[in-house]
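Using the working numbering, you'd call the opening residue of the sequence shown number 1 and step up by one each time.
C-beta atoms are modelled at their ideal positions from N, C-alpha and C, and glycine is treated no differently.
Here's the structure, in structure tokens; my notes come after.
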Amino acid sequence: MIAGRNGGTEAAPPRTVLDYLRRATLYLAARAPASARLDAEVLLAEVLGGDRVGVYLHFDRPLAPAEVERYRTLVRRRGAGEPVAYLTGRREFWSHALGVTPDVLIPRPETELLVEVALAGAGGRERALSVLDLGTGSGAIALALAAELPAARVLAVDVSPAAAAVARANLAAAGLGARVRVAVADWTAALAPAARFDVVVSNPPYVATAALADLPPEVRHEPRAALDGGADGLAAYRRLVPAGAAALAPGGRLLVEVGAGQADAVAALFAAAGLAAVARHRDLAGVERVVAGTRPDCAGEG
């Protein structure tokens with residue numbers, strides 16, 4: 001209540017969108033300072049059912065009590081370390097809006113380099129390629145490749161039934177469910193012995209076990225199985241690279257994302273698996289982020 005002109009009291013004006021945005025930003029700045037304002041805007045846009053531009057177009061409108069309660073809940077959860085993508089249930093990857101849940105790794109911008117390198121060597125949109133995505137998670141990589149290669153057939157594999165369900169939902173929402181098959185399996189274990197692919201891609205877990213405790217709080221909310229790469233971070237590659245190489249057709253390419261400082265070790269695994277033309281590709285930060293290699297064609301095999 002505030003004092004009125006004649007000494008009485010009147011109701012305080014309701015707080016507006018901008019008022020709550022400012023309060024949420026201050027709250028998050030003490031807990032997630034690097035992205036406090038952005039997070040506050042994204043979560044408020046989620047409550048309002050629009051985008052961040054809409055937050056400012058309606059900055060002077062009061063929030064309804066139900067909106068206030070929902071916004072407070074989301075902001076508190078973000079302050080406790082939950083990723084924004086899990087709070088909104090969405091993350092953009094390769095210009096596609098993907099559904100994400102705590103059952104899957106949140107797609108990251110640097111993984112788009114894996115898609116770029118795969119497309120650069122695909123030989124054109126009209127090639128009828130067979131593509132295998134190992135450890136598909138949300139289906140981000142499989143979806144991006146299928147969208148860009150309309151003649152391709154894609155098999156996306158994940159060991160987690162819950163992750164596979166998320167991938168199927170994302171592919172169906174993108175209209176790609178009929179062209180991309182999702183299977184639950186441990187890497188290549190469920191493949192037919194004669195199965196061969198032109199492109200095999202993977203973003204496997206590559207964080208060393210001892211380093212998991214030092215990850216940012218929001219990353220520690222993601223599935224441990226999608227992060228934990230064993231004692232040196234390379235456990236998944238020791239299984240994945242030989243299996244992926246064996247699943248390649250002659251002239252096919254294996255491409256994997258790697259963590260910072262891992263490219264040399266992974267490139268050595270590629271060479272040991274008989275892959276040729278092994279190359280590293282740097283992300284925008286200059287980190288060697290993708291390792292790629294080719295299975296020699298029949299004429300070149302001894």
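Check, Outcome
"Exposure of R5, with buried meaning 16 or more beta-carbon neighbours within 10 Å", "With a pLDDT of 48 at R5, under the threshold of 50, the modelled position of that residue is not reliable, and no figure is offered here."
"Contact test: W187 Cβ vs the ligand SAM heavy atom, cutoff 6 Å", "The ligand SAM is not part of the structure shown, which contains no ligands of any sort."
"Nearest-angstrom beta carbon gap, V182 and A164 [assumed within contact, 8 Å]", "5 Å"
"Reduced DSSP secondary structure (H/G/I, E/B, other) of D51", "coil"
"Touching by the beta-carbon criterion (3+ pairs, under 8 Å), the segment 62 to 77 and the segment 245 to 257", "no"
"CA nearest to the CA of G79, picked from A24, T111, L63", "A24"
"Among R295, A40, R31, the one whose alpha carbon lies nearest that of D19", "A40"
"Backbone secondary structure at V258 - three-state DSSP", "coil"
"Nearest-angstrom Cα separation, counted from V42 out to V84", "8 Å"
"Cβ distance (whole Å) where V184 is taken to contact V154 below 8 Å", "Actually they are not in contact, since the Cβ atoms of V184 and V154 sit about 16 Å apart, beyond 8 Å."
"Three-state secondary structure (DSSP) of G293", "strand"
"D228, DSSP secondary structure in three states", "strand"
"L98 beta carbon less than 7 Å from that of S138", "yes"
"Pick from R37, R280, T16 that is closest to L327, judged by C-alpha positions", "No answer is possible for residue 327: it lies beyond the span of the chain, which begins at 1 and ends at 302."
"Endpoints, beta strand (DSSP E) assigned at R282", "276 to 282"
"Buried versus exposed call for D186 [16 or more other C-beta atoms within 10 Å across all chains shown]", "exposed"
"Classification of T9 by the beta-carbon crowding that lies within 10 angstroms, buried from 16 upward", "Any reading at T9 needs caution, since the residue's pLDDT is 49, under 50, leaving its predicted position unreliable; the model's value is listed next. With fewer than 16 Cβ atoms within 10 Å of its Cβ, T9 is classed as exposed."
"Stretch pair the segment 210 to 217 + the segment 140 to 152: three plus CB contacts closer than 8 Å", "no"
"Identity of the residues DSSP links to L132 by a beta bridge", "L155, V200"
"Continuous alpha helix (DSSP H) assignments of at least 4 residues falling wholly in the segment 49 to 122", "52 to 57, 65 to 79, 84 to 88, 112 to 120"
"Closest Cα partner of A45 within the set L21, E288, R253, A30", "L21"
"With 16 other Cβ atoms within 10 Å as the buried cut-off, status of E257", "buried"
"Those runs of the beta strand (DSSP E) which lie wholly inside the segment 169 to 198 and span at least 3 residues", "180 to 184"
"Chain-order list of residues whose beta-carbon lies under 8 Å from that of V266 (same chain, five-residue window excluded)", "L234, Y237, V241, V256, V258, V291"
"Sheet register partners of E288 (DSSP bridge)", "R282"
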